[in-house]
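Participant: Note that the protein sequences, when read in sequence, are chains A and B. FYI, in this note's numbering the residues of the first sequence are 1 to 481. FYI, in this note's numbering the residues of the second sequence are 1001 to 1481. We put the CB at the ideal spot given by N, CA and C, even for glycine.
2 protein chains.
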Amino acid sequence: MVKRESQEGLTVKKEDDFSEWYTQLLHKSELIDYTDVSGCYVFRPRAYAIWENVRRYLDSKFKEMGVRNAYFPLFIPESLLKKESTHVEGFAPEVAWVTHSGKAKLNERLAVRPTSETIMYSAYAKWIRSWKDLPLKINQWCNVVRWEFKNPVPFLRSREFLWQEGHTVFATREEAVEEALQILDIYANAYKELYAVPVIKGKKTEKEKFAGADTTLTIETFLPSGKAIQCATSHNLGQNFSKPFNIKFKDKDGEEKFAWQNSWGFTTRSVGVMIMMHSDDKGLVLPPRVAENKVVIIPILFEKTKKEVLKVAKQVEKDLIQLSPILDDREEYSPGRKFNEWELKGIPIRIEIGPKDLKNKQVIVVRRDTGKKQTVKIKDLKKKIPSILEDIHNSLYKKAEKYLKDSIVEAKTMKDLINAIKNKKLVLTQWCDDAECEDWIKDKTGGAKIICIPFDQPKKLDKCVYCGKPAKHVVYIAKSY
Amino acid sequence: MVKRESQEGLTVKKEDDFSEWYTQLLHKSELIDYTDVSGCYVFRPRAYAIWENVRRYLDSKFKEMGVRNAYFPLFIPESLLKKESTHVEGFAPEVAWVTHSGKAKLNERLAVRPTSETIMYSAYAKWIRSWKDLPLKINQWCNVVRWEFKNPVPFLRSREFLWQEGHTVFATREEAVEEALQILDIYANAYKELYAVPVIKGKKTEKEKFAGADTTLTIETFLPSGKAIQCATSHNLGQNFSKPFNIKFKDKDGEEKFAWQNSWGFTTRSVGVMIMMHSDDKGLVLPPRVAENKVVIIPILFEKTKKEVLKVAKQVEKDLIQLSPILDDREEYSPGRKFNEWELKGIPIRIEIGPKDLKNKQVIVVRRDTGKKQTVKIKDLKKKIPSILEDIHNSLYKKAEKYLKDSIVEAKTMKDLINAIKNKKLVLTQWCDDAECEDWIKDKTGGAKIICIPFDQPKKLDKCVYCGKPAKHVVYIAKSY
Chain A
1 MVKRESQEGL TVKKEDDFSE WYTQLLHKSE LIDYTDVSGC YVFRPRAYAI
51 WENVRRYLDS KFKEMGVRNA YFPLFIPESL LKKESTHVEG FAPEVAWVTH
101 SGKAKLNERL AVRPTSETIM YSAYAKWIRS WKDLPLKINQ WCNVVRWEFK
151 NPVPFLRSRE FLWQEGHTVF ATREEAVEEA LQILDIYANA YKELYAVPVI
201 KGKKTEKEKF AGADTTLTIE TFLPSGKAIQ CATSHNLGQN FSKPFNIKFK
251 DKDGEEKFAW QNSWGFTTRS VGVMIMMHSD DKGLVLPPRV AENKVVIIPI
301 LFEKTKKEVL KVAKQVEKDL IQLSPILDDR EEYSPGRKFN EWELKGIPIR
351 IEIGPKDLKN KQVIVVRRDT GKKQTVKIKD LKKKIPSILE DIHNSLYKKA
401 EKYLKDSIVE AKTMKDLINA IKNKKLVLTQ WCDDAECEDW IKDKTGGAKI
451 ICIPFDQPKK LDKCVYCGKP AKHVVYIAKS Y
Chain B
1001 MVKRESQEGL TVKKEDDFSE WYTQLLHKSE LIDYTDVSGC YVFRPRAYAI
1051 WENVRRYLDS KFKEMGVRNA YFPLFIPESL LKKESTHVEG FAPEVAWVTH
1101 SGKAKLNERL AVRPTSETIM YSAYAKWIRS WKDLPLKINQ WCNVVRWEFK
1151 NPVPFLRSRE FLWQEGHTVF ATREEAVEEA LQILDIYANA YKELYAVPVI
1201 KGKKTEKEKF AGADTTLTIE TFLPSGKAIQ CATSHNLGQN FSKPFNIKFK
1251 DKDGEEKFAW QNSWGFTTRS VGVMIMMHSD DKGLVLPPRV AENKVVIIPI
1301 LFEKTKKEVL KVAKQVEKDL IQLSPILDDR EEYSPGRKFN EWELKGIPIR
1351 IEIGPKDLKN KQVIVVRRDT GKKQTVKIKD LKKKIPSILE DIHNSLYKKA
1401 EKYLKDSIVE AKTMKDLINA IKNKKLVLTQ WCDDAECEDW IKDKTGGAKI
1451 ICIPFDQPKK LDKCVYCGKP AKHVVYIAKS Y
């Protein structure tokens, strides 16, 4: 028997069993489907539409910065992947290897790209010869594969995911450093402006940075599951790749120099972050700016008044066409069932049109995020709905921001730190920058990590939470995905 | 030593050595770069921008038809790929197999998708249960891999390529048949309206159809290399997949029925078709509607008048901003060198602004396709340039149409057919529909194939060019890519 889909609502609460709630939510709201390959998921149209919206936004921001799109091959020869040693150490354990084509064994194994530094930079070495060729700013939108052995989680940790990877080359370190910060701002804004998710900006510790980077800048947030998550990263690669890949340019002064490079990426993980942050026991809550359909119109149909109600519903649909409304005029389902279905699927606003309201030339408008109802005159809808959508966006952001702030606990001692981690908090504490202390903290807390060294640092520091020596930074520590 | 790029022009003529001309053209115009993996190419920004334009066009046409985008995994388990036997026979010899992840051997080999019927339809079987779920229309934009052993040709025959694949499901055969035709029209229009390339619509013979299809509809054209090429295809899959994949629905009459399916695809091959059709001995000729930059402005700089000329050049750039103009104000290169560079790169229109013309408040406008020069008053540019661009598009199309028509030769006997094939023609002849005659024709002509059975059939038929029995169709025969 083929398993058929169910339109039923969620049977667990977000608070009671977060993981089961998330799984049910993704499946029942028709965002994700599973396949026979563990960790590889189908992004159904409702999910992909969110990604398309984000992609459009980021793509236009990149283009404003002079970044151009390109496409590099999926397959990277093993020898090429190995050219930068730290890089390959980081990625080799997770590489999916192609060994055969048809019945023939390949001469050299091919890595399915886990990231494209190596294949892109071997091309860059051919393209760049003078300072006039710089900066070179290229981005690609593609799929990548990282065969991780941790428990896969749809969107957050999948073996194949979609992303953009920007790879830029500069004549000076300063330009590279500035761009990496600019990109981090674009990423943080995307989370704020599209997903209504607040993030913390910072940099990764030496231990947690990207394999092959000088510095990894990151945005992080904290989810209602009680875990932190890395939202997007922007890396200063320094000259770590330009040297082995021989990316040299003749500078204005006539000297041959190695170039300075950045890489930066934003992935479909972000969709999962947004879902976990906002959604509730009724199902998906979609911030309006990424929702494919921002409004659902449900005419309340009775035999006598059907014709009239449908006529108005169609007019409303037309008036709001910019918002890609769904007109649910199916007669085989009750209004109540329709309410549940569209709540499950996260449509930001529901408009109910019944015969009684029509007499007063008004409709009922229901917000998905708060459930609040209000009556709105039909003639005002075109003006009112967009402003309610804005309000939904803002209040989702504020709620998430409050959650993030309330999750932060300061710890001055290891005892406080361990307790706060047990209570699923995001802990702000002080650290001496020593990797050994970082290891001990992880060990003593049962796996909590230094999430990031936030940009926002106090003027005065006290002492390291672990060793008691003078602290060099405040850091965020938490369990994380 | 790293190989550096050269800005030199082409050293061979299209007529003299087509293959070398094409290779030089792609490399020197910065469209393509090679990698260490044979048959896998880098699509550089100038090439990718063309694909982005086509993608945008097709995507909006699909969305008008109610098609929604989604994303299915790259990896297909071997057992799933084998579920439809004709299909797997067609694709298995070209599959790239993933056998290992990190150091571990996988339990089951994974195919890097050569096409996604099998993985999509195993999901469809879960999603479809009633006639209310139909039609289901899903498309994905992605990369696919077919490890062919024929000689690879950038764009035309690469081991990895980009495409869209639409996969639609209907309750009736009639709806499916109608949609496949509609899609073929969209594809033909994309070639005409974007690439300025005329195509012939038809269907494939049983031997040449898609592995697993009932019928393959195709658009074909004929290139200046003297070879035909398949431009895009739209397949009626009938119930060939719905049966093994168990895609059933409960119809209005209460009965369970197998669904009717189509799949259709348009690939980056199309970029190569366009390039081969229009480009010339000076380099790339880009039809304006797909060109990233439609205009290049070249100020003719002398010390005395530089300031004034640059000022006007910048104003012209602003006036034409909708056409993404390039203002080439580099002082280290001569105008002549710049002319060559932008001709090589195929910018449709060049605007030369010199001090003499300024006195008359005019500029010189040069068409890339014909090389024709004209003077245009500066105040008229905003109106005139778009109409010249339209004219370029139309005359490229007409020229290609004439070439296609002139390439067609009718043959009534095998002798005529063999001769015409030798002369690199597209042969129109008659055929009895017998697969054995099809084989013999291929054999006797040294590999020419029946390209398609055109939709456009005469009322009266004569006899099969090979066996002399009554003909059932006129067909096109040619050597092909």
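On the three-state DSSP scale, how would you describe C979(B)?
Facilitator: Lying outside 1001 to 1481, the shown extent of chain B, residue 979(B) is not represented and no answer is given.
Participant: Assuming V376(A) is part of the beta strand (DSSP E), what are its boundary residues?
Facilitator: Here residue 376(A) corresponds to residue number 376 of the first sequence, with the count starting at 1. Taken as a continuous stretch (DSSP letters only), the beta strand (DSSP E) holding V376(A) covers K373 to K377.
Participant: Using a cut-off of 7 Å between C-beta atoms, extract the partners of E174(A) located in chain B.
Facilitator: As a working mapping, residue 174(A) is identified with position 174 in the first sequence. Those do not exist, as E174(A) stays about 24 Å from chain B at its closest Cβ, beyond 7 Å.
Participant: Measuring CB to CB, does F1091(B) end up less than 8 Å from W1163(B)?
Facilitator: Sequence index remark: in the second sequence, residue 1091(B) carries index 91 (1-based). Sequence index remark: in the second sequence, residue 1163(B) carries index 163 (1-based). It is not a contact, given that the beta carbons lie outside the stated cut-off.
Participant: If you measure from the beta carbon of L1025(B) to each beta carbon in chain A, is any gap under 8 Å?
Facilitator: Against the second sequence, residue 1025(B) aligns to sequence position 25. Not closer than 8 Å to any Cβ of chain A, the Cβ of L1025(B) fails to qualify, so no.
Participant: Could you compute how far the alpha carbon of A1123(B) sits from the alpha carbon of R269(A)?
Facilitator: The count along the second sequence starts at 1 and reaches residue 1123(B) at position 123. The count along the first sequence starts at 1 and reaches residue 269(A) at position 269. Spanning the two alpha carbons is a distance of roughly 22 Å.
Participant: Could you give the first and the last residue of the continuous alpha helix (DSSP H) run that contains Y1397(B)?
Facilitator: The residue given as residue 1397(B) occupies position 397 in the second sequence. That run of the alpha helix (DSSP H) goes L1381 to S1407.
Participant: Starting from the Cα of K977(B), find the closest Cα among L1184(B), D1439(B) and P1287(B) and give me that residue.
Facilitator: The requested residue 977(B) does not occur in the structure, where chain B is confined to residues 1001 to 1481.
Participant: Helix, strand or coil for K243(A) per DSSP?
Facilitator: Here residue 243(A) refers to the residue found at position 243 when the first sequence is read from its first residue. Coil, per DSSP.
Participant: Give the list of continuous beta strand (DSSP E) stretches no shorter than 3 residues that lie fully inside the segment 87 to 119 of chain A.
Facilitator: Those beta strand (DSSP E) runs which fall completely within the segment 87 to 119 of chain A and span 3+ residues are 96 to 101 and 104 to 112.
Participant: With a threshold of 8 Å between beta-carbons, can K1126(B) be considered close to chain A, or not?
Facilitator: Taking the first residue of the second sequence as position 1, residue 1126(B) is located at position 126. Closer than 8 Å to some Cβ of chain A, the Cβ of K1126(B) qualifies, so yes.
Participant: Are K61(A) and I186(A) close, meaning C-beta to C-beta below 8 Å?
Facilitator: As a working note, residue 61(A) is residue 61 in the first sequence. As a working note, residue 186(A) is residue 186 in the first sequence. Yes. Within cutoff.
Participant: List, in order along the chain, the chain B residues whose C-beta lies closer than 7 Å to that of D36(A)?
Facilitator: For the purposes of this step, residue 36(A) is taken as residue 36 along the first sequence, with counting starting at 1. Result: P1077 and L1080.
Participant: Measuring straight from C-alpha to C-alpha, what distance separates Y1481(B) and A188(A)?
Facilitator: Looking up residue 1481(B) in the second sequence gives position 481. Looking up residue 188(A) in the first sequence gives position 188. Near 48 Å, if we compare the C-alpha coordinates of A188(A) and Y1481(B).
Participant: Which residue from D1253(B), L1320(B), F1455(B) and D1439(B) puts its Cα closest to that of T1216(B)?
Facilitator: Your numbering for residue 1216(B) matches position 216 in the second sequence. Nearest C-alpha to T1216(B): F1455(B).
Participant: Which residues does DSSP list as the beta-bridge partners of G238(A)?
Facilitator: Residue numbering aside, residue 238(A) sits at position 238 when the first sequence is read from its first letter. BP columns for G238(A) point to Q261(A).
Participant: In the DSSP assignment, find the beta strand (DSSP E) that holds A1478(B) and state where it starts and stops.
Facilitator: By one-based count along the second sequence, residue 1478(B) stands at place 478. Where A1478(B) is concerned, the enclosing beta strand (DSSP E) stretches over H1473 to A1478.
Participant: Kindly indicate which three-state DSSP category T172(A) falls into: helix, strand or coil?
Facilitator: Along the first sequence, one-based indexing puts residue 172(A) at 172. Here T172(A) sits in coil by DSSP.
Participant: Using a threshold of 8 Å, state whether the C-beta atoms of A1431(B) and I1408(B) are closer than that.
Facilitator: Here residue 1431(B) refers to the residue found at position 431 of the second sequence. Here residue 1408(B) refers to the residue found at position 408 of the second sequence. Residue identity differs from the one stated: residue 1431(B) is Trp in this sequence, not Ala. Against a cut-off of 8 Å, the Cβ pair of I1408(B) and W1431(B) comes out as no contact.
Participant: With H, G and I counted as helix, E and B as strand and the rest as coil, what does DSSP make of I483(A)?
Facilitator: Any property of residue 483(A) remains undetermined from this structure, which presents chain A solely from 1 to 481.
Participant: Quick check: what's the CA-CA separation for K83(A) versus K132(A)?
Facilitator: Sequence index remark: in the first sequence, residue 83(A) carries index 83 (1-based). Sequence index remark: in the first sequence, residue 132(A) carries index 132 (1-based). Spanning the two alpha carbons is a distance of roughly 27 Å.
Participant: Just tell me which of N1240(B), S1279(B), I1392(B) and I1349(B) has its CA closest to the CA of Y1121(B).
Facilitator: As a first step, residue 1121(B) is located in the second sequence; it is residue number 121 there, counting from the start. Comparing Cα-Cα distances from Y1121(B) to each of N1240(B), S1279(B), I1392(B) and I1349(B), the minimum goes to N1240(B).
Participant: Beta-carbon within less than 7 Å of S1158(B)'s beta-carbon, same chain only, minus the 5 sequence neighbours each way: which residues are those?
Facilitator: Against the second sequence, residue 1158(B) aligns to sequence position 158. Correct list, in chain order: G1039, C1040, Y1041 and P1152.
Participant: Just to confirm before moving on: does the CB-CB distance between V177(A) and N236(A) stay below 8 Å?
Facilitator: Looking up residue 177(A) in the first sequence gives position 177. Looking up residue 236(A) in the first sequence gives position 236. Yes; because the gap between Cβ atoms is below 8 Å, this pair is in contact.
Participant: On the DSSP letters alone, give me the boundaries of the beta strand (DSSP E) that N139(A) sits inside.
Facilitator: Taking the first residue of the first sequence as 1, we reach residue 139(A) at position 139. Element bounds for N139(A): L136 to V145.
Participant: Could you tell me which of A1211(B), W1440(B), A1313(B) and K1014(B) sits nearest to V1088(B), measuring between CA atoms?
Facilitator: Numbered from its first residue, the second sequence carries residue 1088(B) at position 88. Cα-wise, what sits closest to V1088(B) is A1211(B).
Participant: If we ignore side chains and look at the alpha-carbon of each, how far apart do D1357(B) and K1306(B) end up?
Facilitator: In the second sequence, the residue the question calls residue 1357(B) occupies position 357. In the second sequence, the residue the question calls residue 1306(B) occupies position 306. If you take the alpha carbons of D1357(B) and K1306(B), they lie about 13 Å apart.
Participant: Do the CB positions of P1073(B) and V1095(B) come within less than 8 Å of each other?
Facilitator: Position 73 of the second sequence, counted from the first residue, corresponds to residue 1073(B). Position 95 of the second sequence, counted from the first residue, corresponds to residue 1095(B). No, Cβ-Cβ distance for P1073(B) and V1095(B) is not below 8 Å.
Participant: Which same chain residues end up closer than 6 Å to P1325(B) when comparing Cβ atoms and leaving out the 5 residues on each side of it in sequence?
Facilitator: As a first step, residue 1325(B) is located in the second sequence; it is residue number 325 there, counting from the start. Counting only Cβ-Cβ distances below 6 Å, and skipping sequence neighbours, we find V1295, I1297 and E1317.
Participant: Tell me, please, whether the segment 438 to 452 of chain A touches the segment 374 to 387 of chain A by the rule of three or more beta-carbon pairs shorter than 8 Å.
Facilitator: With the cut-off at 8 Å, the segment 438 to 452 of chain A and the segment 374 to 387 of chain A do not touch.
Participant: Spell out whether any CB of chain B is found under 8 Å from the CB atom of E5(A).
Facilitator: For the purposes of this step, residue 5(A) is taken as the residue at position 5 of the first sequence. A caution first: E5(A) carries a pLDDT of 45, below 50, which makes its placement in the model unreliable, though a value can still be read off. By this cut-off, E5(A) is an interface position.
Participant: Using a Cβ-Cβ distance under 8 Å, would E1008(B) count as near chain A?
Facilitator: On the second sequence, residue 1008(B) is found 8 positions in, with the first residue counted as 1. With 8 Å as the cut-off, E1008(B) does not count as an interface residue toward chain A.
Participant: In terms of alpha-carbon separation, which member of K204(A), V271(A), K227(A) and K257(A) lies closest to S130(A)?
Facilitator: Position 130 of the first sequence, counted from the start, is the residue given in the question as residue 130(A). When each option's Cα is compared against that of S130(A), the closest is K257(A).
Participant: May I have the straight-line CA-CA distance separating H473(A) from E208(A), to the nearest angstrom?
Facilitator: The count along the first sequence starts at 1 and reaches residue 473(A) at position 473. The count along the first sequence starts at 1 and reaches residue 208(A) at position 208. If you take the alpha carbons of H473(A) and E208(A), they lie about 16 Å apart.
Participant: Any C-beta of chain B within less than 7 Å: which residues of the segment 150 to 164 of chain A qualify?
Facilitator: Result list: E160 and L162.
Participant: Go through its chain and collect everything with a Cβ distance to I1139(B)'s Cβ below 6 Å, but skip five positions before and after it.
Facilitator: Numbered from its first residue, the second sequence carries residue 1139(B) at position 139. What sits at residue 1139(B) in the sequence shown is Asn, not Ile. For N1139(B), where only same-chain residues beyond five positions count, the Cβ hits under 6 Å are F1062, V1067, N1069, Q1164 and G1166.
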